[in-house]
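Chemist:
Now the structure itself:
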């Protein structure tokens, strides 16, 4: 647990604020994939207390993804060195079986070893040995779940990644960082004034965000390891909607110093400002395409808010969305093939995803107040904010709309989620 | 004439102090407030003869007491009913060139926070442009947006939303 103190406290900040956040995000699974792969994760041998905690996290990670069906392993006595009876496990319905053990090492740490078996091929397909402290059980379990996920699906797991979001309780806003499963939340910033639009740097080390602590929106860049931050954009008027360039060197921001909301590029330290686009209407919510060639953004230049894209090299903006009268908050999938956004339809605001090549759009949710979509770094899920029972909650939906999860905090509003990148 | 200038100066002081008092009251501010003859000067200030002097800003009966312009959904066009109000504030700004104004645009909660921030900015900007056309100076005005973050009314009803689609005018000492 780290403590971050801001040495240069400004007006609305509550002060030396960072510690374990009091409220825990609770996850509820509300939908699952159509075809789930049957997987058995047997109880690990060795250090009992540690291994039980660890295996339960591995199982819940895999289960929460909606892609696996967890097979009961009652009675199995296996570890990483066991040669499993593949026929028996096939009989139980498992296509894959993980087994392992946790042992204490002389330096007071632990070593967790495991092996993953394919019961059809009757072969071990992955194995890992991880050294960890007693306080790293969850981290270790997430890494094991990531390995199993990647071996079985062919894409990287996101269980070791982190999410950022804002929790609002009475008169208090906290920018929190938690594991992707909502555990281990820490407050990076606490303020009496609103905090919006957190955006992760590509290396996962920093967050850019908008804070109203100076009674107007100002863009800050916050280093998570040290808790130090600097003002990246504080021009006359409003400063908002920071988006990192893929190389992490620049930010696209929305400034109003020359009139209406327009998109500018600045260096992360706030220097070297250049104007990117020019319109008489609103231009906002810039987002780089993963290849860095385009900036997608929201504009009302055509009479209603729609999504456009602009070549960073400089050329005319092209309109991307055409259906409906309100399409906002463009977010590109990590492979650049999908565009998630919020669309209004009959007074409901919902998460939609467009296949950019086919130009086909699918609405993914059945909620009514969706905001701020954010792709998982493997592109499989989209995290977003919505409202349930008059309270702000986070929810996640798979890009095919099948897997659904909800993350909520007791007695507080959660909003403005941003899914962090893969750990380097 | 000299006493008039002295009065204006003391009123500016008073305005500044009044602005400060929006923070939790500190003892030294109370001390400053009772100094001199300021209270009696306020009670005899010729508000009725000059509707745009600094005292008018503190007069609840003055048209300047109204500070908000309301907008339609997804719109940043100033409706005719608010033009007289902007006219009063522009006259005040012209008369009191040392006074600055922060215009805060707001939006209702529906839709994207960042788009609502931009919408609030457009509303603040519309108020600013109207005041500029009526003679206020660029250097006196800053338009910013609070988007949907500072609702005047917190319920999800049209009555509430209408109160939140708003531009607020704050003078020096009030922000």
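Residue numbers (the numbering used here), protein chains in the order written: chain A, 754 to 1177; chain B, 9 to 183. All C-beta atoms, glycine included, are put in the ideal place defined by N, C-alpha and C. These numbers were taken from a predicted model, which means no experiment stands behind them.
Return no unless some Cβ of chain A is closer than 9 Å to the Cβ of residue 129/B.
Modeler: As a position in the second chain, residue 129/B is number 121, starting the count at 1. It does: the Cβ of residue 129/B has a partner Cβ on chain A nearer than 9 Å.
Chemist: Taking only the alpha-carbon atoms, compute the straight-line gap between residue 770/A and residue 869/A and give it to the nearest angstrom.
Modeler: For the purposes of this step, residue 770/A is taken as residue 17 along the first chain, with counting starting at 1. For the purposes of this step, residue 869/A is taken as residue 116 along the first chain, with counting starting at 1. With a pLDDT of 41 at residue 770/A, under the threshold of 50, the predicted position of this residue should be treated as unreliable, though the coordinate-derived value follows. Taking the straight line joining both Cα atoms gives about 42 Å.
Chemist: Could you pull the start and end residues of the beta strand (DSSP E) that residue 1033/A belongs to?
Modeler: For the purposes of this step, residue 1033/A is taken as the residue at position 280 of the first chain. First-last for residue 1033/A: undefined, no H or E at that position.
Chemist: Mark residue 830/A as exposed unless 16 or more other C-beta atoms lie within 10 angstroms of its C-beta, in which case mark it buried.
Modeler: Sequence index remark: in the first chain, residue 830/A carries index 77 (1-based). Under this definition residue 830/A is an exposed residue.
Chemist: Tell me, to the nearest whole angstrom, how far the beta carbon of residue 832/A is from that of residue 797/A; I am working on the premise that it is less than 8 Å.
Modeler: The sequence position of residue 832/A within the first chain is 79, counting from 1. The sequence position of residue 797/A within the first chain is 44, counting from 1. Right, their Cβ atoms sit about 7 Å apart.
Chemist: How about residue 110/B: is its C-beta nearer than 9 Å to some C-beta of chain A?
Modeler: Walking along the second chain from the start, residue 110/B turns up at place 102. So yes, residue 110/B belongs to the interface.
Chemist: Please state the DSSP three-state secondary structure of residue 1024/A.
Modeler: Locating residue 1024/A in the first chain gives position 271, where the first residue counts as 1. Note: residue 1024/A maps to coil in three-state DSSP.
Chemist: Taking only beta-carbon atoms, is residue 60/B less than 9 Å away from chain A?
Modeler: Numbered from 1 along the second chain, position 52 holds the residue referred to as residue 60/B. It does not: the Cβ of residue 60/B has no partner Cβ on chain A nearer than 9 Å.
Chemist: Among 152/B, 161/B, 144/B, whose alpha-carbon lies nearest the alpha-carbon of residue 117/B?
Modeler: As a first step, residue 117/B must be located in the second chain, where it is residue number 109. Residue 117/B has its Cα closest to that of 161/B, out of 152/B, 161/B, 144/B.
Chemist: Mind checking if residue 76/B is an interface residue toward chain A, Cβ cutoff 9 Å exclusive?
Modeler: In the second chain, counting from the first residue as 1, residue 76/B sits at position 68. Not an interface residue.
Chemist: Can you tell me the Cα-Cα spacing of residue 170/B and residue 77/B, whole angstroms?
Modeler: Your numbering for residue 170/B matches position 162 in the second chain. Your numbering for residue 77/B matches position 69 in the second chain. Taking the straight line joining both Cα atoms gives about 11 Å.
Chemist: Between residue 173/B and chain A, is any beta-carbon pair separated by less than 9 Å?
Modeler: Against the second chain, residue 173/B aligns to sequence position 165. False, the Cβ-Cβ gap to chain A never drops below 9 Å.
Chemist: Please decide whether residue 41/B counts as near chain A, where near means a Cβ-Cβ distance under 9 Å.
Modeler: To locate residue 41/B, count along the second chain from 1; it is residue 33. Note that residue 41/B has pLDDT 38, beneath the 50 cutoff, so the model's placement of it is unreliable and no number is given.
Chemist: What are the boundary residues of the alpha helix (DSSP H) that includes residue 166/B?
Modeler: For this step, residue 166/B is matched to residue 158 along the second chain. Residue 166/B -> alpha helix (DSSP H) spans 166–172.
Chemist: When the Cα of residue 918/A is compared with those of 1110/A, 939/A, 817/A, which residue comes out closest?
Modeler: Indexing the first chain from 1 puts residue 918/A at position 165. The candidate whose alpha carbon is nearest that of residue 918/A is 939/A.
Chemist: Return no unless some Cβ of chain B is closer than 9 Å to the Cβ of residue 1079/A.
Modeler: The residue labelled residue 1079/A in the question sits at position 326 within the first chain. Residue 1079/A counts as touching chain B.
Chemist: What would DSSP say about residue 1009/A, mapped onto helix, strand or coil?
Modeler: On the first chain, residue 1009/A is found 256 positions in, with the first residue counted as 1. Three-state result, residue 1009/A: coil.
Chemist: Using the C-alpha atoms, what's the distance from residue 94/B back to residue 22/B?
Modeler: Position 14 of the second chain, counted from the first residue, corresponds to residue 22/B. Position 86 of the second chain, counted from the first residue, corresponds to residue 94/B. Any reading at residue 22/B needs caution, since the residue's pLDDT is 39, under 50, leaving its predicted position unreliable; the model's value is listed next. Going from the Cα of residue 22/B to the Cα of residue 94/B covers about 24 Å.
Chemist: For residue 983/A, count neighbouring Cβ atoms within 10 angstroms of its own Cβ and tell me buried if that reaches 16, exposed if not.
Modeler: Along the first chain, read from residue 1 onward, the residue named residue 983/A stands at position 230. With fewer than 16 other Cβ atoms within 10 Å, it is exposed.
Chemist: Using a Cβ cut-off of 9 Å, pull out every chain B residue sitting near residue 1013/A, in sequence order please.
Modeler: Here residue 1013/A refers to the residue found at position 260 of the first chain. Those within 9 Å of residue 1013/A in chain B are 126, 129, 130, 133.
Chemist: Figure out for me which residue from 1095/A, 1145/A, 1055/A, 991/A has the closest Cα to the Cα of residue 113/B.
Modeler: Mapped onto the second chain, residue 113/B falls at position 105. Of 1095/A, 1145/A, 1055/A, 991/A, the residue nearest in Cα terms is 991/A.
Chemist: Starting from the Cα of residue 1122/A, find the closest Cα among 1094/A, 882/A, 1071/A and give me that residue.
Modeler: Start at 1 with the first residue of the first chain, and residue 1122/A comes out as number 369. The shortest Cα separation from residue 1122/A among 1094/A, 882/A, 1071/A belongs to 1094/A.
Chemist: So which residues on chain A does residue 183/B lean against when the C-beta distance must stay under 8 Å?
Modeler: Start at 1 with the first residue of the second chain, and residue 183/B comes out as number 175. Here the neighbours are 968.
Chemist: Can you say whether residue 1158/A is buried or exposed, counting buried as having 16 or more other CB atoms within 10 angstroms of its CB?
Modeler: Translated into the one-based positions of the first chain, residue 1158/A becomes position 405. With 16 or more Cβ atoms within 10 Å of its Cβ, residue 1158/A is classed as buried.
Chemist: Between the Cα of residue 947/A and the Cα atoms of 157/B, 79/B, 174/B, 153/B, which residue gives the shortest distance?
Modeler: Counted from its first residue, the first chain places residue 947/A at position 194. The shortest Cα separation from residue 947/A among 157/B, 79/B, 174/B, 153/B belongs to 157/B.
Chemist: Residues in its own chain within less than 6 Å of residue 1168/A by CB, not counting five upstream and five downstream?
Modeler: Numbered from 1 along the first chain, position 415 holds the residue referred to as residue 1168/A. The residues are 919, 1138, 1145.
Chemist: What residue from 965/A, 998/A, 977/A has the CA that sits closest to residue 1181/A's CA?
Modeler: Because chain A is modelled from 754 through 1177, residue 1181/A falls outside the range shown and cannot be assessed.
Chemist: If the criterion is Cβ atoms closer than 9 Å, does the pair residue 996/A and residue 1005/A meet it?
Modeler: Numbered from its first residue, the first chain carries residue 996/A at position 243. Numbered from its first residue, the first chain carries residue 1005/A at position 252. Closer than 9 Å, so yes.
Chemist: If contacts are defined as beta-carbon pairs under 8 Å, then residue 1057/A and residue 1037/A qualify, I think. What distance do you get, rounded to the angstrom?
Modeler: Within the first chain, the letter at position 304 stands for residue 1057/A. Within the first chain, the letter at position 284 stands for residue 1037/A. Not a contact, Cβ separation roughly 14 Å.
Chemist: Taking C-beta to C-beta, are residue 1034/A and residue 1053/A nearer than 9 Å?
Modeler: As a first step, residue 1034/A is located in the first chain; it is residue number 281 there, counting from the start. As a first step, residue 1053/A is located in the first chain; it is residue number 300 there, counting from the start. Yes, the Cβ-Cβ distance between residue 1034/A and residue 1053/A is below 9 Å.
Chemist: Use the C-beta contact count for residue 788/A: other C-beta atoms within 10 angstroms, 16 or more gives buried, fewer gives exposed.
Modeler: In the first chain, the residue the question calls residue 788/A occupies position 35. Classification for residue 788/A: exposed.
Chemist: Kindly confirm or deny that the region 134–147 of chain B and the region 96–109 of chain B touch, where touching means at least three C-beta pairs closer than 8 Å.
Modeler: Touching, per the Cβ criterion.
Chemist: So who's on the other strand from residue 794/A, going by DSSP bridges?
Modeler: Within the first chain, the letter at position 41 stands for residue 794/A. Note: residue 794/A sits in a beta bridge opposite 851/A.
Chemist: Given that residue 1148/A touches chain B, what residues does it touch there, using C-beta distances under 8 Å?
Modeler: Stepping through the first chain from its first residue, residue 1148/A is reached at position 395. Chain B residues near residue 1148/A: none, gap ~16 Å exceeds 8 Å.
Chemist: Within 10 Å of its beta-carbon, does residue 1061/A have 16 or more other beta-carbons around it, so buried, or fewer, so exposed?
Modeler: Position 308 of the first chain, counted from the start, is the residue given in the question as residue 1061/A. Answer is buried; the Cβ neighbour count reaches 16.
Chemist: For residue 2/B, which residues does DSSP report across the bridge?
Modeler: With chain B covering 9 to 183 only, the question about residue 2/B has no answer from this structure.
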